[in-house]
Every structure is written in C-alpha cells, then in structure tokens.
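S.K.:
In the working numbering, the protein residues as written are 12 to 456.
The following block contains the structure:
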C-alpha cells in the first residue's frame with residue numbers, strides 16, 4: 012500500500028510524454044500553423060477537434076550515432092546566423108575605396124576610376140544618379156538567363172539563407188513546410204502544383220486557349236518568305252529600334268531555317284515577333300505582291316504565333332534576352348492594333364520583367380559581362396523605356412520607369428559591324444551617323 016501511495020505523486024509530477032510525430036497533423040498543416048507534433052497536438056486539443064497525423068511516407072531512420080541530431084542542427088544553425096551577423100558588420104563598414112554597393116568604382120569598361128558612372132568621354136554622373144550605387148546588387152547568370160538580386164547586402168544574405176535552408180532540407184521533404192501558393196486549392200500539395208505546367212495557369216488561358224491544337228511550325232512563314240520578311244524588318248523596323256545585332260541574328264536564321272525543332276522557345280518567340288512586326292510595317296499591296304496573301308490575315312496569323320511562343324517560353328518568369336526582346340518587339344507592334352490601356356498594362360509587365368533580368372543596371376557594373384552583351388542589354392533597355400514613355404502618354408499617365416530607377420547607359424554610337432560576340436574590349440563611339448544613331452536621338456527626345 013505504501014508503494015502504491017508513493018508512486019502516485021511521482022506519476023503526477025512526471026507524466027509520460029507522448030512521442031513526437033514525424034510530421035505535423037493534417038489540421039495544422041491545412042491552417043498553416045505550428046504543430047507541436049504530439050498526439051493529440053495542443054492546437055487540436057484547444058479547438059476540441061480530432062487530431063489526425065498523416066502516414067510518414069518513408070521508413071523510420073535507424074539510430075545512427077553519425078546522423079545529425081536536433082542539437083547538432085541547432086548548433087549548425089547558430090553558426091550560420093553568426094556568419095550572417097559578420098556579413099552585416101562587413102557590409103556596414105565598407106572602406107572608402109569602394110562604393111556602398113560593395114563594388115569598386117569603375118568606368119564603363121570595368122576599369123577603376125574616380126566616378127562610378129563615368130562614361131567614355133570621362134564625365135561622371137551627377138549626385139542623384141551616383142546615389143544608385145547604394146542599390147547595386149548581384150546579377151546571377153545561368154543557362155536560363157540572368158536574375159538581378161536586390162543590393163549587395165541582400166545578395167550576401169541570400170547565400171547564407173540558402174545554406175541555412177540546407178540544414179532543414181530533410182524536414183522540408185517531409186512536407187512540414189507549406190507556402191500559401193501550394194495549399195490554396197483544397198489543400199493541394201506542393202508536388203501536385205509542381206507538376207502543373209505554366210501553360211495551364213489561369214493567366215495564360217487567353218493565349219493558350221487557341222494553342223491547344225496548334226503547332227507553331229504550322230504558323231511560321233514559309234522558308235521562301237523568310238528572306239523577304241527579314242530584309243523588310245531590317246529596313247523598316249530595326250533601323251529605328253536597333254534591338255538586335257543584325258549579323259548575329261542573320262546567322263541564327265541560317266542555322267535554324269531548315270530545322271524549326273532545334274530552335275529554343277526564346278528564339279521561336281523572337282522569330283515570330285520579328286515576322287509579325289515586319290509584315291505589319293508593309294502596305295497591303297506589298298504583302299499581296301511579295302507574300303501572296305492579305306496583310307490582315309498574315310498579321311493575325313503571326314500574332315497568334317507570337318503570343319503562343321511567348322507563353323510557351325514562360326515570358327513572365329524568363330530572364331533570357333531572346334524572350335524579352337520578343338516581348339518588346341511584340342508590344343511595339345501591337346500598339347497600333349490594341350487599345351492604349353492594353354499596351355499600357357502590358358508595358359508595365361514588360362518593365363518588371365526587364366528589371367528582374369537586371370536590365371536597369373548597366374552591365375559594366377557586373378564583372379565578367381562581355382562588352383557585346385553590355386551593348387545589347389543597353390539597346391534593349393532603352394527601347395523598353397521608349398515603349399513605356401509612349402504608353403504613358405497615351406494613357407495620360409506618367410511613365411512607370413523614372414531616371415532615378417536605373418543607371419543603364421545609352422548604347423554606344425557604333426555600327427553593328429563594330430560589334431562582335433567575341434570582342435574583349437568595349438567599342439569606341441563614333442562621331443558620325445551609325446546604325447545606333449536613331450535610337451540615341453529617340454532616347455534624347
């Protein structure tokens with residue numbers, strides 16, 4: 012009896028704690044709240060609801076002394092956070108020889124100079140534009156294009172966060188972490204949504220509805236028409252926009268003319284945009300005589316191809332120059348067909364896509380970028396600015412892109428023949444009329 016009496020207070024003082032479940036309960040996951048993973052959990056107990064835990068989905072781990080324990084994970088996380096603190100200390104105490112962005116001050120050619128924005132004439136930017144140095148970030152370039160990441164502080168923090176996330180990589184795979192995007196449709200899992208193609212997105216229903224049973228190769232121009240269309244684009248469109256480097260793209264046309272399937276989605280979109288723009292610039296008589304069709308029919312056909320190709324190239328998320336060039340040419344062309352509000356709204360999207368690719372930052376500020384790519388990015392950015400300003404005027408509204416939002420320099424006044432993808436030295440501006448002069452004049456206006 013004494014034993015039973017003595018055991019009672021010990022049981023009250025130290026009740027057996029239920030073992031932790033491997034995953035959060037279904038209700039906590041659906042509500043996106045923290046679950047203590049006990050059965051039943053505290054949230055379900057408070058709400059007087061049934062607490063149900065999903066099956067593990069994988070075998071229980073063996074008790075391996077070498078496996079990472081919670082204490083080891085916490086220690087590693089603490090180490091990473093201390094590294095973050097040191098990053099903050101370094102970035103808030105930059106030496107005077109560097110800009111606040113963390114980059115050495117350099118001229119357009121990447122050489123160290125006294126002014127962060129000195130151009131080829133040796134002049135420096137004014138104080139307002141020089142303040143843009145505070146915002147310089149990192150341009151991450153991979154096979155899918157380039158992505159601009161905030162400023163130097165956030166670029167450094169991003170690297171640290173990525174490593175911290177690796178500590179809990181196993182927990183993420185268990186499905187404990189859910190985002191709003193992955194659970195807004197009846198508790199859909201991230202894997203379910205990941206399997207959904209972007210072409211199935213509601214945003215693309217308008218463009219993709221016509222593409223369900225359409226093959227792009229059936230909409231493209233006939234091979235015999237391509238030289239006519241390309242020459243028309245050079246003479247009537249490229250001369251005033253100068254988005255493309257004609258010699259380079261002419262070689263692309265020759266390489267892919269006989270094998271449409273080898274084209275990347277970006278090149279397909281660009282080819283359709285060029286074709287649509289060229290045909291739209293022709294008179295109805297010229298179209299009948301040279302292409303043997305009605306202008307309205309061909310423009311509608313190539314516009315359909317451009318829209319489908321842009322959607323399939325994932326133009327909203329893409330940072331490839333080919334895709335952004337195609338989107339820019341498309342909007343520059345449809346402004347004569349669509350309402351000002353349509354063009355104005357779509358131009359806002361184009362501007363943000365361009366910023367996400369880092370086009371609002373001059374390429375000379377990013378080490379390793381070739382002089383050729385720097386020039387092509389400048390051409391594209393200033394064409395986007397022109398489209399933005401023009402659409403704002405039509406809407407009786409200010410442009411969405413302002414001088415203080417970018418530091419991309421004007422393109423260098425040179426001919427296409429002065430540029431080469433393999434060039435190592437920036438081109439020298441000419442004091443004469445060149446292929447780039449029209450866009451420079453238009454930009455100054």
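Even glycine gets a Cβ: it sits at the ideal position worked out from N, Cα and C.
Sort out for me which residues DSSP pairs residue 419 with in a bridge.
M.R.: DSSP lists no partner for residue 419.
S.K.: How would you label residue 184, buried or exposed, when you count the other beta carbons within 10 angstroms and need 16 or more for buried?
M.R.: Below a pLDDT of 50, predicted positions are generally treated as unreliable, and residue 184, at 47, falls in that range; the measurement from the model is reported next regardless. Counting Cβ neighbours within 10 Å, residue 184 comes out exposed, since fewer than 16 surround it.
S.K.: Run through DSSP, which three-state label would residue 275 get?
M.R.: coil
S.K.: Flag this pair as yes or no: are the beta carbons of residue 317 and residue 271 separated by less than 8 Å?
M.R.: no
S.K.: Skipping 5 residues on each side, what residues in its chain have a beta carbon closer than 8 Å to that of residue 274?
M.R.: 267, 282
S.K.: Rounded to the nearest angstrom, how far is the Cβ of residue 355 from that of residue 370, given a contact under 8 Å?
M.R.: With a Cβ gap of about 20 Å, residue 355 and residue 370 do not count as contacting.
S.K.: Rounding to the nearest angstrom, what Cα-Cα distance links residue 32 and residue 50 in this structure?
M.R.: If you draw a straight line from the Cα of residue 32 to the Cα of residue 50, it is about 7 Å long.
S.K.: For the region 337 to 389, which segments carrying the alpha helix (DSSP H) assignment without a break, of at least 4 residues, lie completely within its bounds, in sequence order?
M.R.: 351 to 367
S.K.: Can you grab the Cα-Cα spacing for the pair residue 294 / residue 286, in whole Å?
M.R.: 14 Å
S.K.: For residue 9 versus residue 365, is the C-beta spacing smaller than 8 Å?
M.R.: Shown here, the chain extends from 12 to 456; a query on residue 9 therefore has no answer.
S.K.: May I ask you to verify whether the region 374 to 387 touches the region 426 to 442, counting CB pairs closer than 8 Å and requiring at least 3?
M.R.: yes
S.K.: Alpha carbon to alpha carbon, what distance is there between residue 454 and residue 136?
M.R.: Low local confidence applies: a pLDDT of 35 at residue 136 is under 50, so the model's placement there is unreliable, with the coordinate-based value given in what follows. Approximately 17 Å, taken between the alpha carbons.
S.K.: For residue 349, which residues of its own chain have a beta-carbon under 6 Å away from its beta-carbon, when the five flanking residues on both sides are left out?
M.R.: Here the set comprises nothing.
S.K.: In three-state DSSP terms, what is residue 445?
M.R.: Assignment of residue 445 by DSSP, reduced to helix, strand and coil, places it in the coil class.
S.K.: In the DSSP assignment, find the alpha helix (DSSP H) that holds residue 458 and state where it starts and stops.
M.R.: Since the displayed the chain opens at 12 and closes at 456, residue 458 lies outside it and no answer follows.
S.K.: In chain order, what residues of the same chain lie with their CB nearer than 8 Å to the CB of residue 214, ignoring the 5 residues before and after it?
M.R.: Because residue 214 sits at a pLDDT of 43, beneath the cut-off of 50, its placement in the model cannot be relied upon, and the following sentence gives the value as read from the coordinates. Closer than 8 Å at Cβ, skipping near neighbours: 327.
S.K.: Contact check, residue 444 vs residue 252 under 8 Å by CB: the rounded distance?
M.R.: Residue 444 to residue 252, Cβ: 16 Å. No contact.
S.K.: Might you give, ordered along the chain, the residues of its own chain that have their beta carbon closer than 6 Å to the beta carbon of residue 373, omitting 5 neighbours on each side?
M.R.: 418, 419, 420
S.K.: Can you tell me whether DSSP reads residue 330 as helix, strand or coil?
M.R.: strand
S.K.: Ignore the nearest five residues each way along the sequence and tell me which others in residue 63's own chain have a CB closer than 7 Å to its CB.
M.R.: 36, 37
S.K.: Can you check which of these residues, 261, 241, 343, 262, is closest to residue 302 by C-alpha distance?
M.R.: 241
S.K.: Going by other Cβ atoms of all chains shown within 10 Å of its Cβ, with 16 needed for buried, is residue 428 buried or exposed?
M.R.: In this structure residue 428 is exposed. Its beta-carbon is surrounded by fewer than 16 other beta-carbon atoms within 10 angstroms.
S.K.: Consult DSSP for residue 233 and reduce its assignment to one of helix, strand or coil.
M.R.: coil
S.K.: Of the choices 426, 340, 439, 379, whose alpha-carbon is the least far from that of residue 398?
M.R.: 340
S.K.: Could you give the residue range of the alpha helix (DSSP H) that holds residue 267?
M.R.: 257 to 267
S.K.: Cα-Cα, which of 367, 401, 338, 230 is closest to residue 416?
M.R.: 367
S.K.: Please report how far the alpha carbon of residue 308 lies from the alpha carbon of residue 290, in whole angstroms.
M.R.: 10 Å
S.K.: Please classify residue 311: is it buried, with 16 or more other beta-carbons within 10 angstroms of its beta-carbon, or exposed?
M.R.: The residue is exposed, with fewer than 16 neighbouring Cβ atoms inside 10 Å.
S.K.: Please state if the CB of residue 304 and the CB of residue 276 are separated by a distance shorter than 8 Å.
M.R.: no
S.K.: Could you check what DSSP says for residue 254 in three-state terms: helix, strand or coil?
M.R.: coil
S.K.: Got a sec, what are the start and stop residues for the alpha helix (DSSP H) residue 53 sits in?
M.R.: Unbroken alpha helix (DSSP H) run through residue 53: 53 to 58.
S.K.: Where do the ends of the alpha helix (DSSP H) carrying residue 295 lie?
M.R.: 295 to 302
S.K.: Measuring CA to CA, which of 279, 257, 300, 259 is closest to residue 236?
M.R.: 300
S.K.: Can you give me the C-alpha to C-alpha distance between residue 54 and residue 43, rounded to a whole angstrom?
M.R.: Rounded to whole angstroms, residue 54 to residue 43 spans 12 Å at the Cα level.
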